[in-house]
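See below for the structure under consideration.
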Amino acid sequence: LLPYTTLFRSGSTVQVSESTVVRFAIELGFDGMDVAGTGYVYFENGELNKSVKISGQKGVIINDDVTISGTETEADLKSTAGRFQIAAGKKLTINGDGAQVNVLAKKGIDFADNAMLAIGGSDAKVNLQADQGNVVLGEAAGVAISGGGINEVALSGKEAVLAKDAVIDLGSGAASSFTLQADKLTD
């Protein structure tokens, strides 16, 4: 198979979006990828078996269920000028012990109603950071870690908006921690 960078350059050569290249790479079953684009990056159902670094300047949007698996998997999802979003009823699942999930979005982080970031493993670290915007967990939306060990969840933004039944589940680790840094907390 072509290296991912070649695949990505090929996408721009034939004038398809970064999102199309990401969907194609997921379908091909790449073990990991590092993508930076000037537009939106959409995840449309799929599974990866290693770490990802995705940067969509305008936004990163999870439109369907996506699974990333592997021990010590890293998922870095960034939007330098836009938002990170998980669509209603959809789930981003990270499986494996020692997972690290970093979501950084300048204008905000939105988990629509019933949207979930699910970590299947122990000793997970999750960082949700909205530099100039809010972190919004819709109704019954949130972060759920199913493993034990030392799990950490950090959430920061101008405002944290937690709707009815929003979830921050730290798993079964007795020494786990949740950190909230926001100017305002609303429900």
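Its first residue numbered 19, the sequence shown is counted upward by one per residue in my numbering. Ideal Cβ placement from N, Cα and C applies to all residues, glycine included.
- Task: Grab the span of the beta strand (DSSP E) containing G148 for me, first residue to last.
- Result: Looking up residue 148 in the sequence shown gives position 130. The sequence shown places Ala at residue 148, rather than the Gly named in the question. That run of the beta strand (DSSP E) goes 143-148.
- Which residues mark the beginning and the end of the beta strand (DSSP E) in which K109 is found? Position 91 of the sequence shown holds residue 109. Unbroken beta strand (DSSP E) run through K109: 109-113.
- K257, enclosing beta strand (DSSP E) - first and last residue: Limits of the chain in this structure are 19 at one end and 205 at the other, which puts residue 257 out of reach.
- Pairwise C-alpha distance: G160 and L135: For this step, residue 135 is matched to residue 117 along the sequence shown. For this step, residue 160 is matched to residue 142 along the sequence shown. When rounded, the separation of the alpha-carbon atoms in L135 and G160 is 6 Å.
- Out of curiosity, what's the CA-to-CA distance linking G57 and G166? Working through the sequence shown from its first residue, we reach residue 57 at position 39. Working through the sequence shown from its first residue, we reach residue 166 at position 148. Roughly 37 Å between the two C-alpha positions.
- Output the distance between the C-alpha atoms of Q103 and N63, rounded to the nearest integer angstrom. As a working mapping, residue 103 is identified with position 85 in the sequence shown. As a working mapping, residue 63 is identified with position 45 in the sequence shown. When rounded, the distance between both Cα atoms is 14 Å.
- Message: Measuring only the C-alpha atoms, how far is A130 from K68?
- Response: Translated into positions along the sequence shown, residue 130 becomes position 112. Translated into positions along the sequence shown, residue 68 becomes position 50. Those two C-alpha atoms are separated by around 26 Å.
- Query: Would DSSP call G77 helix, strand or coil?
  - Reply: As a working mapping, residue 77 is identified with position 59 in the sequence shown. Here G77 sits in strand by DSSP.
- Query: Nearest to F61 by alpha carbon, out of D183, T111, A178, T89?
  - Reply: As a position in the sequence shown, residue 61 is number 43, starting the count at 1. The residue with the shortest Cα to Cα distance from F61 is T111.
- Task: Leaving out five residues on either side along the sequence, give the residues of the same chain with a beta carbon under 6 Å from the beta carbon of K109.
- Result: Taking the first residue of the sequence shown as 1, we reach residue 109 at position 91. The residues D83, M134, A136, in chain order, have a CB closer than 6 Å to that of K109 in the same chain once the five nearest residues on each side in sequence are set aside.
- Determine the extent of the beta strand (DSSP E) in which L95 is found, giving its start and end residues. The residue labelled residue 95 in the question sits at position 77 within the sequence shown. It spans 92-97 - the beta strand (DSSP E) in which L95 sits, taken as one unbroken run.
- Query: Going by other Cβ atoms of all chains shown within 10 Å of its Cβ, with 16 needed for buried, is T91 buried or exposed?
  - Reply: In the sequence shown, residue 91 corresponds to position 73, counting from 1. Buried is the call here.
- Task: Just mark I86 as buried or exposed, buried being the case when its beta carbon has 16 or more other beta carbons within 10 Å.
- Result: Position 68 of the sequence shown, counting from 1, holds the residue named residue 86. So I86 ends up on the buried side.
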